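Per UniProt numbering, the sequence shown starts with residue 1, numbered consecutively. Each residue gets a CB set at the ideal place from its N, CA and C atoms; glycine is no exception. Just so it is clear, the structure is predicted and the values come from calculations on it, not from any experiment. To start, the structure under review is shown below, and the notes come after it.
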Amino acid sequence: MANAASSAHIPEVLLGSSIGPKSMPVLAFGTATDNIQPNLLKTAVLEAIKLGYRHFDTAAIYGSEQTLGEAIKEALKLGLVASRDQLFITSKLWSNDAHPHLVIPALKKSLENLQLEYLDLYLIHWPISAKPGKLVYPLVNLMPMDFKGVWAAMEESQRLGLTKSIGVSNFSSKKIETLLSFATIPPSVNQVEMSPFWQQKKLRDFCKANGIVVTAFSPLGARGTSWGTNHVLESKVLQDIAEARGKTIAQVCIRWVYQAGATLAVKSYNKERLKQNLQVFDWELSEDDLNKINHIPQHKMMVREELVSADGSSSPYKSVEEFWDGEI
Numbered sequence: 001m002a003n004a005a006s007s008a009h010i011p012e013v014l015l016g017s018s019i020g021p022k023s024m025p026v027l028a029f030g031t032a033t034d035n036i037q038p039n040l041l042k043t044a045v046l047e048a049i050k051l052g053y054r055h056f057d058t059a060a061i062y063g064s065e066q067t068l069g070e071a072i073k074e075a076l077k078l079g080l081v082a083s084r085d086q087l088f089i090t091s092k093l094w095s096n097d098a099h100p101h102l103v104i105p106a107l108k109k110s111l112e113n114l115q116l117e118y119l120d121l122y123l124i125h126w127p128i129s130a131k132p133g134k135l136v137y138p139l140v141n142l143m144p145m146d147f148k149g150v151w152a153a154m155e156e157s158q159r160l161g162l163t164k165s166i167g168v169s170n171f172s173s174k175k176i177e178t179l180l181s182f183a184t185i186p187p188s189v190n191q192v193e194m195s196p197f198w199q200q201k202k203l204r205d206f207c208k209a210n211g212i213v214v215t216a217f218s219p220l221g222a223r224g225t226s227w228g229t230n231h232v233l234e235s236k237v238l239q240d241i242a243e244a245r246g247k248t249i250a251q252v253c254i255r256w257v258y259q260a261g262a263t264l265a266v267k268s269y270n271k272e273r274l275k276q277n278l279q280v281f282d283w284e285l286s287e288d289d290l291n292k293i294n295h296i297p298q299h300k301m302m303v304r305e306e307l308v309s310a311d312g313s314s315s316p317y318k319s320v321e322e323f324w325d326g327e328i
């Protein structure tokens, strides 16, 4: 995919449309979780940095920005990293702030939470807006996004140096196509659900053709969260491949995403698993392994039925098929 980074041999991929040449480590430490204790998260981030993780993924809605910021400050103080520019920090714009006049204030708030002067990557979290005000989840008071206006504000945030790169999350091929029709700075990244159980080949092919890097979230199925599934880590196909190779199922999933040409955000607060998740770049899945994985029945985990309204009263989208533009 690209040359290897110095830290723990995590490869990097070059992002398009950035301020200057910008490389992103292909493996990120994710911080989306249900009710994680701040001290546990901070300890895990510091441990991850010691192991060689340099890319950390957060979002305004996760409630993890402040703790991540404290961990980064501590890591710099302890000399675990020499300088801020050795880290790659991603955050996301929540739907309540997905309005043209609120994008830059929201980004500045994230920077304040993180105690940083800039982000490396800022993403539109979902392709839908909600009533301005307090950030809420689950979302209510949904409304169509002013894609053109919001994206213009994202572009301005990059021009101002508040973020080095901009992108999207949970966008279908069709929505990206709409964005590309008026963007002066195309999105560098589209972060989406992707695992052996939801392989996203059509979307990956579209993004590749347009120079957009795909980042997989929940590549292990997000077991233990309110939105997760056990299907991935309990898969007989993946278990057989893992046993034959002397690897864990998680390692097989991570390697599969990497070999598919995507990047990924994985989450663990266990030191041993954090270490195992890094041990995926010095071996390959065989053609036979890939063929078996390609035949796994597909099942989207995060359908997001709460974002649609059959009568159109509480959402601009009347069905999940419409929301995902048939990519479901």
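Does the distance from the C-beta atom of residue i to that of residue j stay below 7 Å?
i, j, result
"LEU135", "ILE89", "no"
"ASN113", "GLN37", "no"
"PRO144", "PRO316", "yes"
"SER122", "LEU107", "The sequence given here has Tyr at residue 122, not Ser. Yes, the Cβ-Cβ distance between TYR122 and LEU107 is below 7 Å."
"VAL280", "GLN251", "yes"
"TRP256", "ILE296", "no"
"THR58", "SER91", "yes"
"LEU93", "ILE124", "yes"
"VAL232", "GLY221", "yes"
"ILE10", "PRO21", "no"
"VAL189", "GLY167", "yes"
"ILE104", "SER157", "yes"
"THR263", "VAL308", "no"
Does DSSP put residue i in a helix, a strand or coil?
i, result
"VAL140", "coil"
"GLU193", "strand"
"SER7", "Note that SER7 has pLDDT 49, beneath the 50 cutoff, so the model's placement of it is unreliable and the number below is only indicative. Looking at SER7 - three-state DSSP - the assignment turns out to be coil, as it is neither helix nor strand."
"VAL308", "coil"
"GLY149", "helix"
"SER181", "helix"
"LEU274", "helix"
"LYS22", "strand"
"SER173", "helix"
"TRP256", "helix"
"ILE166", "strand"
"GLU47", "helix"
"GLU322", "helix"
"ASP282", "coil"
"GLU234", "coil"
"VAL327", "Here residue 327 is Glu; the residue named in the question, Val, does not match the sequence. GLU327: coil per DSSP, three-state reduction."
"LEU290", "helix"
"LEU203", "helix"
"PRO297", "coil"
"LEU160", "coil"
"ALA28", "strand"
"LEU15", "strand"
Can you list, in chain order, the residues of its chain whose CB lies under 8 Å from that of residue i, leaving out five sequence neighbours each side?
i, result
"residue 330", "Within the shown structure, residues of the chain are numbered from 1 to 328, placing residue 330 beyond reach of any answer."
"TYR118", "LEU111, GLY161, LEU162, THR163 and LYS164"
"ALA310", "LYS318 and SER319"
"ILE328", "LYS300, VAL303, VAL320 and GLU321"
"GLY69", "ASN113, LEU114, GLN115 and LEU116"
Would you mind giving the Cβ-Cβ distance between residue i and residue j, rounded to the nearest angstrom? I have them listed as a contact below 8 Å.
i, j, result
"SER95", "SER129", "5 Å"
"CYS253", "SER195", "6 Å"
"ALA265", "THR215", "6 Å"
"SER172", "ASP325", "4 Å"
"VAL45", "ALA82", "Not quite, the Cβ-Cβ distance comes to about 17 Å (not below 8 Å), so this is no contact."
"GLN298", "PHE197", "7 Å"
"LYS267", "THR43", "Wrong, their Cβ atoms sit about 14 Å apart, outside the cutoff."
"LEU278", "LEU51", "6 Å"
Got a sec? Which residues, its chain only, sit under 7 Å from residue i by beta carbon, not counting five neighbours each side?
i, result
"residue 329", "Outside the shown range of the chain, which is 1 to 328, sits residue 329, and nothing can be said about it."
"LEU180", "PRO186 and ASN210"
"LEU40", "TYR269"
"THR178", "PHE147"
"LYS175", "PRO127 and ASP325"
"GLN239", "ILE249"
Between which residues of its own chain and residue i is the CB-CB distance below 6 Å, once the five residues before and five after are set aside?
i, result
"PHE29", "ALA48, TYR53 and PHE56"
"SER23", "GLU12 and LEU14"
"GLY149", "PRO100"
"PHE206", "SER173"
Handout entry: Any alpha helix (DSSP H) of 4 or more consecutive residues that is wholly inside the region 62-131
Key = For secondary structure counted as the alpha helix (DSSP H) over 4 or more consecutive residues, the region 62-131 holds these complete runs in sequence order: 65-78 and 103-114.
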